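Protein sequences appear in the order of chains A and B.
Everything in the first sequence is counted per this note's numbering, starting at 4 for the first residue and increasing by one.
Everything in the second sequence is counted per this note's numbering, starting at 4 for the first residue and increasing by one.
In this text, a Cβ means the ideal position worked out from N, Cα and C, and glycines have one as well.
Given the structure is predicted, the values throughout are model-derived calculations rather than measurements.
Please read the structure below before turning to the comments.
There are 2 protein chains.
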Amino acid sequence: MLDDRKLAVLRAIVEDYVSTNEPVGSKALAERHNLKVSPATVRNDMAALEEEGYITQPHTSAGRVPTDKGYRLFVDRLSQVKPLSAAERRAIETFLVGAVDLDDVVTRTVRLLAQLTRQVAVVQYPTLTRSTVRHVELVPLSDRRVMLVLITNTGRVEQRVIELPEAVEDTRIAHMRAVLNACLDGCGLSTVPELVADLPERLPLEDRPVVATILSVLLETLVERHDEKIVFAGAANLAGADFSVGLRDVLEALEEQVVLMRLLGETSTDTPSALTVRIGSENPYLRGTSVVATGYGSGDNQLARLGVLGPTRMDYPVTMGAVRAVARYVSQILAAS
Amino acid sequence: MLDDRKLAVLRAIVEDYVSTNEPVGSKALAERHNLKVSPATVRNDMAALEEEGYITQPHTSAGRVPTDKGYRLFVDRLSQVKPLSAAERRAIETFLVGAVDLDDVVTRTVRLLAQLTRQVAVVQYPTLTRSTVRHVELVPLSDRRVMLVLITNTGRVEQRVIELPEAVEDTRIAHMRAVLNACLDGCGLSTVPELVADLPERLPLEDRPVVATILSVLLETLVERHDEKIVFAGAANLAGADFSVGLRDVLEALEEQVVLMRLLGETSTDTPSALTVRIGSENPYLRGTSVVATGYGSGDNQLARLGVLGPTRMDYPVTMGAVRAVARYVSQILAAS
DNA sequence: CTTGGCACTCGGGAACACAGAGTGCTAGAC
DNA sequence: GTCTAGCACTCTGTGTTCCCGAGTGCCAAG
């Protein structure tokens, strides 16, 4: 049904349309790519491609434009992920090296990705659920208040101020801290609830109300941050592009954590580092935009996802290359720290 | 030069133009506001106002539009800050109550302000410089790494991983922690450098290299965060509005911390809670936009600034009311926690 | 000083024509 | 059978013209 030449025509249409943003006609196409056939032949192929739903024309007697289905075929079979140039690789390294903490890593990453792709970049903070406890700290603020600080192996720090039911001396706090750390150090966050379940019973009676208060806040912290924070950058890149959906809708979606989360999608469990590409209407949450995303994190332990969001008419090979490269680099950085 | 009626005309022009977004003519103006004079009289006044530079006409034979100077006069002398409705006040309270930590307070505040004003809201994190040290924590991660956690009275937490020059036992770390806290607890952040200056000399010789490493990181932390983090929300509200400057420029400015910082401006030292209004070209960093900002923080201790950014054509009384109200509420919240 | 009248100006929309790009179709060439 | 060339057709986008109306500035009268 679709012979090699027709596929070549489709590829040429996608490439031309992406670079020019104008419907591409048979004549220009036959000229620019040396297809060695006449425009008339190209027209016949185009008619076939349109019949199959890979391209469409905005109006009668205008050039052709790829459909979502056309982009899909292009991404799946007609293109290769384009690796970054040496200069770009160097830029990534110099940009990411020197990040002082997790916040900084994420901020730098999202900006880097936005700049590299000239799209909107989205980065999810490493999730707590797969992290482990590195340390639990109780800091006395006054005799009835302590600050709980939870430090994970990803460098993430969560803190909460806790109002205690009674005045507690610093030495007792120190003891509780030791007990907590003995119990939790190095354990996965998801196992924390069961690990602390019987903790009050193993303590002197007098400590139980205080510990119970602390534990309830600790558990709450884990639950609240279960779906993780997401940041974006490069909104300015939306200014030029045009979406079938309104610019306003896109901006609103970007500020909605929940929508962003869904846009990034799930990491496939078998091949976590695979690139996910959702094109236009394939994306149920924000149609008219495409998302290129992937998981990142050290080694097999995929922590979170990052990606970019842009118009359906985007340079997929380049974008995919950038997303993949950035994901790898930031994974390295995280593993090292 | 400008009698009362001319001022009334200017006020009417600003109000009409803000609500309709169309140049306002003499006839409609004489009708809608009961000025009790004829359109011809209004025209004479308009001519005078234009002569003085308060209004201008986009083209010959179009209505008049306020200039930056006109808005300035309106804000300074012709309008009163509009207090929020009871419903809005309740909305603020329910929205801000329940914030779990400083991050949460800031995030909620910026969203609230964006929603309330239908503009872009900008909130600066409370600055460290005027804060005081509540606690310094050293958490051993391994025998050659510790995490430094700095907690301030504003609830802010800074953390850094420190590579030690030699292996150090936990008990020694604990001792250093005690020394640090004894030295710094409750002190202003700006005084930290001098307070720790002679600290190594007061310690046993063997501890000095380690302490020096820790202190250098501590000082670095203070310096790096000297100019503070800024967040924004409500970019979607830009979609409708039109600026004389391009939408792209505004979005770029929003992602540049430095530019944002300048936009928010300095808190005047004598009246820190005063509203700052910068209109159009008065704003050197992003012309064509207006900024309404104010300081916030508990009591006399102004911590940081917040405000909104929007088109010059904005409803100043309402916006100013919202900014002032939110600043007060968030100050309360911060003081209470 | 205010008002009504009046001529003038200019922007924006409607109607219209036209050039150009692109198409589909058909008949002929390889 | 597949490709090619030619041709008539169909659009969109642009430029032109025209006209309406809102709004103005000015002037003379109240």
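Check your understanding: At a Cβ threshold of 8 Å, is D104 (chain B) touching chain A?
Key -> Taking the first residue of the second sequence as 1, we reach residue 104 (chain B) at position 101. It does; some Cβ of chain A falls within 8 Å.
Point to revise | Other residues of its chain near Q83 (chain A): CB distance less than 8 Å, five sequence neighbours each side excluded | key: If you number the first sequence from 1, residue 83 (chain A) lands on position 80. Same-chain partners within the cutoff: P320.
Check your understanding: Residues in its own chain within less than 7 Å of C190 (chain A) by CB, not counting five upstream and five downstream?
Key -> Reading the first sequence from its first residue, position 187 is the one you call residue 190 (chain A). Answer for C190 (chain A): T135, V136 and L198, listed in chain order.
Review point. Below 8 Å, can you find three or more Cβ-Cβ pairs linking the region 146-154 of chain A to the region 137-156 of chain B?
Key: yes
Exercise for review: With 8 Å as the threshold, decide whether the Cβ of H178 (chain A) is near any Cβ in chain B.
Suggested key: As a working note, residue 178 (chain A) is residue 175 in the first sequence. Chain B contact via Cβ: absent.
Practice item. Within its chain, find whatever has a CB closer than 6 Å to the CB of G66 (chain B); leave out the 5 residues flanking it on each side and keep chain order. Key: If you number the second sequence from 1, residue 66 (chain B) lands on position 63. Taken in chain order, the residues that qualify are P26, V27 and G28.
Practice item. Output the residue ranges of the alpha helix (DSSP H) runs that lie fully inside the region 238-288 of chain B and measure 4 residues or longer, sorted by chain position. Key: 250-258 and 260-267
Review point. What do you get for T194 (chain B), buried or exposed, if any count of 16 or more other CB atoms within 10 angstroms of its CB means buried?
Key: The residue labelled residue 194 (chain B) in the question sits at position 191 within the second sequence. Flag for T194 (chain B) reads exposed.
Exercise for review: Can you grab the Cα-Cα spacing for the pair T334 (chain B) / T157 (chain A), in whole Å?
Suggested key: In the second sequence, the residue the question calls residue 334 (chain B) occupies position 331. In the first sequence, the residue the question calls residue 157 (chain A) occupies position 154. Looking at the sequence itself, residue 334 (chain B) is Ser, so the reference to Thr does not match. C-alpha separation (whole angstroms): 33 Å.
Review point. Touching or not, the region 250-270 of chain B and the region 96-112 of chain B, by the rule of three or more beta carbon pairs under 8 Å?
Key: no
Exercise for review: Please name the residue or residues paired with P61 (chain A) in a DSSP beta bridge.
Suggested key: Along the first sequence, read from residue 1 onward, the residue named residue 61 (chain A) stands at position 58. Bridge partners of P61 (chain A): none, in fact.
Check your understanding: Is Q162 (chain B) helix, strand or coil when you go by DSSP?
Key -> Taking the second sequence and counting its residues from 1, one reaches residue 162 (chain B) at position 159. The answer is strand: DSSP assigns Q162 (chain B) an E or B state.
Check your understanding: Do we get a CB-CB distance below 8 Å when we pair G191 (chain B) with the residues of chain A?
Key -> The residue labelled residue 191 (chain B) in the question sits at position 188 within the second sequence. Not closer than 8 Å to any Cβ of chain A, the Cβ of G191 (chain B) fails to qualify, so no.
Check your understanding: Taking 8 Å as the CB-CB limit, is G66 (chain A) close to chain B?
Key -> Reading the first sequence from its first residue, position 63 is the one you call residue 66 (chain A). No - not a single Cβ of chain B is within 8 Å of the one on G66 (chain A).
Review point. Is the Cβ-Cβ distance between L81 (chain B) and L32 (chain B) less than 8 Å?
Key: Along the second sequence, one-based indexing puts residue 81 (chain B) at 78. Along the second sequence, one-based indexing puts residue 32 (chain B) at 29. It is not a contact, given that the beta carbons lie outside the stated cut-off.
Review point. If you measure from the beta carbon of V100 (chain B) to each beta carbon in chain A, is any gap under 8 Å?
Key: If you number the second sequence from 1, residue 100 (chain B) lands on position 97. V100 (chain B) does not count as touching chain A.
**Study point:** CA-to-CA distance, A200 (chain A) to E258 (chain A), given in whole angstroms
**Key:** In the first sequence, the residue the question calls residue 258 (chain A) occupies position 255. In the first sequence, the residue the question calls residue 200 (chain A) occupies position 197. Cα to Cα, E258 (chain A) sits roughly 37 Å from A200 (chain A).
Review point. Is L151 (chain A) close to chain B, meaning its C-beta is less than 8 Å from at least one C-beta of that chain?
Key: Taking the first residue of the first sequence as 1, we reach residue 151 (chain A) at position 148. Answer no: the Cβ-Cβ gap between L151 (chain A) and chain B never drops below 8 Å.
**Study point:** C-beta neighbour in chain A for Q162 (chain B), strict 8 Å
**Key:** Indexing the second sequence from 1 puts residue 162 (chain B) at position 159. Yes - at least one Cβ of chain A is within 8 Å of the one on Q162 (chain B).
**Study point:** Cβ pair Q127 (chain B), E231 (chain B) closer than 8 Å
**Key:** Translated into the one-based positions of the second sequence, residue 127 (chain B) becomes position 124. Translated into the one-based positions of the second sequence, residue 231 (chain B) becomes position 228. Contact: yes.
Check your understanding: Which full runs of the beta strand (DSSP E) of 3+ residues lie inside the region 209-237 of chain B, going along the chain?
Key -> 233-236
Review point. Within the chosen definition, does the region 203-216 of chain B reach the region 164-177 of chain B through at least 3 CB pairs nearer than 8 Å?
Key: yes
Point to revise | N- and C-terminal bounds of the alpha helix (DSSP H) containing Q118 (chain A) | key: Within the first sequence, the letter at position 115 stands for residue 118 (chain A). Element bounds for Q118 (chain A): L105 to T120.
Check your understanding: Hey, is A170 (chain A)'s beta-carbon within less than 8 Å of any beta-carbon in chain B?
Key -> As a working note, residue 170 (chain A) is residue 167 in the first sequence. Output row for A170 (chain A): interface = no.
Exercise for review: Count the other CB atoms, across all protein chains shown, that sit within 10 Å of the CB of S41 (chain A); report buried if there are 16 or more and exposed otherwise.
Suggested key: Working through the first sequence from its first residue, we reach residue 41 (chain A) at position 38. Result: exposed.
Point to revise | Same chain, Cβ closer than 8 Å to R290 (chain B), five either side skipped, listed in chain order | key: If you number the second sequence from 1, residue 290 (chain B) lands on position 287. Closer than 8 Å at the Cβ level, and outside the excluded window around R290 (chain B), lie S247, V248, G283 and S284.
Review point. Which ranges does the beta strand (DSSP E) cover as unbroken runs of at least 3 residues, wholly within the region 10-35 of chain A, from first to last along the chain?
Key: none
Review point. Using CA coordinates, which residue listed in B:E223, B:G268, B:L312 and B:K39 is at the minimum distance from L241 (chain B)?
Key: Within the second sequence, the letter at position 238 stands for residue 241 (chain B). Checking every option, the nearest Cα to that of L241 (chain B) belongs to B:L312.
Check your understanding: Hey, D375 (chain A) and R35 (chain A) are a contact pair by Cβ (cut 8 Å); roughly how many whole angstroms apart?
Key -> One cannot answer for residue 375 (chain A) here, as it falls past the ends of chain A, which runs 4 to 340.
Check your understanding: Three or more C-beta pairs closer than 8 Å, one from the region 268-282 of chain A and one from the region 262-269 of chain B: is that the case here?
Key -> no
Exercise for review: Report yes if the C-beta distance between L337 (chain A) and S301 (chain A) is below 8 Å; otherwise report no.
Suggested key: If you number the first sequence from 1, residue 337 (chain A) lands on position 334. If you number the first sequence from 1, residue 301 (chain A) lands on position 298. Cβ distance < 8 Å, so L337 (chain A) and S301 (chain A) count as in contact.
Review point. Taking only beta-carbon atoms, is E231 (chain A) less than 8 Å away from chain B?
Key: If you number the first sequence from 1, residue 231 (chain A) lands on position 228. False, the Cβ-Cβ gap to chain B never drops below 8 Å.
Review point. Counting along the chain, where does the alpha helix (DSSP H) carrying R137 (chain A) start and finish?
Key: Locating residue 137 (chain A) in the first sequence gives position 134, counting from the first residue. First-last for R137 (chain A): V136 to S145, but that is the beta strand (DSSP E), not the alpha helix (DSSP H).
Check your understanding: If you follow the alpha helix (DSSP H) that Y332 (chain B) is part of, which residue opens it and which one closes it?
Key -> In the second sequence, residue 332 (chain B) corresponds to position 329, counting from 1. Segment Y319 to A339, the alpha helix (DSSP H) holding Y332 (chain B).
Check your understanding: In chain order, what residues of the region 240-251 of chain B put their CB closer than 9 Å to some CB of chain A?
Key -> N240, L241, A242, G243, G249, L250 and R251
Review point. Nearest chain B C-beta to I154 (chain A) closer than 8 Å, yes or no?
Key: In the first sequence, residue 154 (chain A) corresponds to position 151, counting from 1. Chain B, which has a Cβ nearer than 8 Å to the Cβ of I154 (chain A), makes this yes.
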